[in-house]
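Q: Numbering follows this note's numbering, in which position 91 of the sequence shown is assigned residue number 96; successive positions increment by one, without gaps. Starting off with a structure, shown below.
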Amino acid sequence: MGKLGLDELRKLLSCIKKDPRVIVSPFPGFDSGVHLLGDKYMVVSTDPCIGVPEEWFGWLLINYATSDVALFGAKPDFCAINLLAPSSAEPHQFQVVMEQACSAADELGIAIVTGHTGMYSGLSELVGVCTAYGTVEKHQLITPANAKAEDLILCTKPIGLEILANFSLMHKALAQKLFGAAQAEKLSGLMRMQSCVREALQLAKTGFVHAMHDATEGGLVAALNEIAIASDLGFNVVFEKIPISPEVRKLQDTFQLSDEQVLSMSSTGLVIAAVDAQAKELVEKVLRENGLSASFLGVFTKSKNRILIRNGKATPFPQVAVDPYERILSAKV
6 MGKLGLDELR KLLSCIKKDP RVIVSPFPGF DSGVHLLGDK YMVVSTDPCI
56 GVPEEWFGWL LINYATSDVA LFGAKPDFCA INLLAPSSAE PHQFQVVMEQ
106 ACSAADELGI AIVTGHTGMY SGLSELVGVC TAYGTVEKHQ LITPANAKAE
156 DLILCTKPIG LEILANFSLM HKALAQKLFG AAQAEKLSGL MRMQSCVREA
206 LQLAKTGFVH AMHDATEGGL VAALNEIAIA SDLGFNVVFE KIPISPEVRK
256 LQDTFQLSDE QVLSMSSTGL VIAAVDAQAK ELVEKVLREN GLSASFLGVF
306 TKSKNRILIR NGKATPFPQV AVDPYERILS AKV
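What follows is the structure, given as structure tokens:
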């Protein structure tokens, strides 16, 4: 389930021919591509949407792809949408999702340019795909490969918010049992935290953020490793500085998850960024103005070693992300 492994993905991409107009071509760890457009760069990203709360399907469809564009420093301006449904689907199901998507696009000030709808016998549930794109000045492009040694490692939200919100909407009774009715209701209202468009653009504007990555599938483990590999760096992360909520700890106990699995929790909307150390207070201010708290987990290093410091003891940071998203969302305790 989920993404192809690194070796399989590299093999898959090996047939793509190089083109001088393409600045950032398909590559593991890069969730957007970049090509020339006049005197600017065009940033393009495409993302699927499947198995999410139906009342948020269209909103998430738009925000998944647009978040990836924003993480490269570009304001998303346009998008295209595909909605593919089982043969048993009714037209009103498309209508509901499309209205959600249109509302999300309006919120972000982007235009839906084209798309496709269809019903297919090979599908068992609705699948959406959104391709978003926007321009950025050449000198303002941000990629996962631009982190610098001694940059601080920024985390903008608590680990696992995506799983907590989706779980609380899709398994209300179990969520109420685990977290209490009031807290489960509060968690189900955090769906909008799965977008990072606004915070990514605000962080980019500071000029002191060198690399950003959304902690989607594979969570913190995947995002940090991918930035380090792309930037040819290592890092030191302090476990105690990682924001892990009591509710995530409750899921950890309920589903018997290891700490490595907690750090691998799909956390869409959580930005991991490499920040110039001199801009720490500025970045904290920017996030505070967006209703978020900055957590600085550690530092990127010239050494290629990737270290997790826990209780003062240095251990290897997990290299492989084992994301418990599917298991938790299936509610198989």
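A virtual CB, placed ideally from N, CA and C, is assigned to each residue, including glycine.
#1: Report yes if the C-beta distance between Leu225 and Ile164 is below 8 Å; otherwise report no.
#2: What are the start and end residues of the alpha helix (DSSP H) that includes Leu287?
#3: From this set, Glu245, Pro81 and Ser193, which residue's C-alpha is nearest Glu60's C-alpha?
#4: Output the boundary residues of the alpha helix (DSSP H) element that contains Ile168.
#5: Judging by CA-CA distance, which residue of Lys246, Glu289 and Gln257 is the nearest neighbour of Arg315?
#6: If the criterion is Cβ atoms closer than 8 Å, does the pair Thr140 and Ala79 meet it?
#7: What is the DSSP secondary structure of Ser300, reduced to helix, strand or coil?
#8: With 16 other CB atoms within 10 Å as the buried threshold, where does Arg26 fall?
#9: Once DSSP output is grouped into helix, strand and coil, what is the label at Glu204?
#10: Go ahead and pull the three-state DSSP assignment for Asn316.
#11: In the DSSP output, what is Asn310 paired with across the bridge?
#12: If the criterion is Cβ atoms closer than 8 Å, does the pair Pro323 and Ile312 meet it?
#13: Out of Asp24, Gln181 and Met47, which has the shortest C-alpha to C-alpha gap to Leu256?
#14: Give me the Cα-Cα distance between Leu166 and Glu13, rounded to the nearest whole angstrom.
#15: What residue from Leu41, Val48 and Leu65 has the CA that sits closest to Phe35's CA?
#16: For Leu297 and Gln188, I'd like the C-alpha separation in whole angstroms.
#17: In the structure shown, what three-state DSSP assignment does Lys153 receive?
#18: Do Val288 and Ala279 have their beta-carbon atoms positioned less than 8 Å apart in this structure?
#19: Give, in chain order, every unbroken run of the beta strand (DSSP E) that is at least 3 residues long and sits entirely within the segment 35–123.
#20: Considering just the uninterrupted stretch of the alpha helix (DSSP H) at Thr273, what are its terminal residues?
#21: With a 10 Å radius around its C-beta and 16 neighbouring C-beta atoms as the bar for buried, classify Cys54 as buried or exposed.
#22: Could you check if Gln100 is buried or exposed, using at least 16 other CB atoms within 10 Å of its CB as the buried criterion?
#23: Who pairs with Tyr125 in a beta bridge, going by DSSP?
#24: Determine the burial state of Ile86: buried for a count of at least 16 other Cβ atoms within 10 Å of its Cβ, exposed for fewer.
#25: Please check the pair Val291 and Gln207, which I expect to be a contact at CB under 8 Å, by giving their CB distance rounded to whole angstroms.
#26: On the three-state DSSP scale, how would you describe Ala189?
#27: Which residue wins for smallest C-alpha separation from Ile168, given the options Met198, Ile117 and Ser108?
#28: Can you have a look at Asn171 and say buried or exposed, based on whether 16 or more other CB atoms are within 10 angstroms of its CB?
#29: What do you get for Leu42, buried or exposed, if any count of 16 or more other CB atoms within 10 angstroms of its CB means buried?
#30: Quick check on the burial criterion: 16 or more other C-beta atoms within 10 angstroms. Buried or exposed for His218?
#31: Enumerated in chain order, which unbroken segments of the beta strand (DSSP E) with a length of 3 residues or greater are wholly contained in the segment 227–270?
#32: Helix, strand or coil for Gly212? Go by DSSP, reduced to three states.
#33: Based on Cα-Cα distance, which residue from Gly274, Asn241 and Thr71 lies nearest to Gly317?
#34: From this set, Val102, Tyr330, Leu183 and Pro91, which residue's C-alpha is nearest Thr259's C-alpha?
#35: Of the choices Met270, Leu268 and Asp156, whose alpha-carbon is the least far from that of Phe301?
#36: When burial is assigned at 16 or more other CB atoms within 10 Å of the CB, is Lys210 buried or exposed?
A: Taking the coordinates as given:
#1: yes
#2: Lys285 to Glu294
#3: Ser193
#4: Leu166 to Met175
#5: Lys246
#6: yes
#7: strand
#8: exposed
#9: helix
#10: coil
#11: Per DSSP, none; premise fails for Asn310.
#12: no
#13: Gln181
#14: 29 Å
#15: Val48
#16: 19 Å
#17: coil
#18: no
#19: 38–42, 45–54 and 83–91
#20: First-last for Thr273: undefined, no H or E at that position.
#21: buried
#22: exposed
#23: Pro91
#24: buried
#25: 5 Å
#26: helix
#27: Met198
#28: buried
#29: exposed
#30: buried
#31: 239–243
#32: coil
#33: Asn241
#34: Leu183
#35: Asp156
#36: exposed
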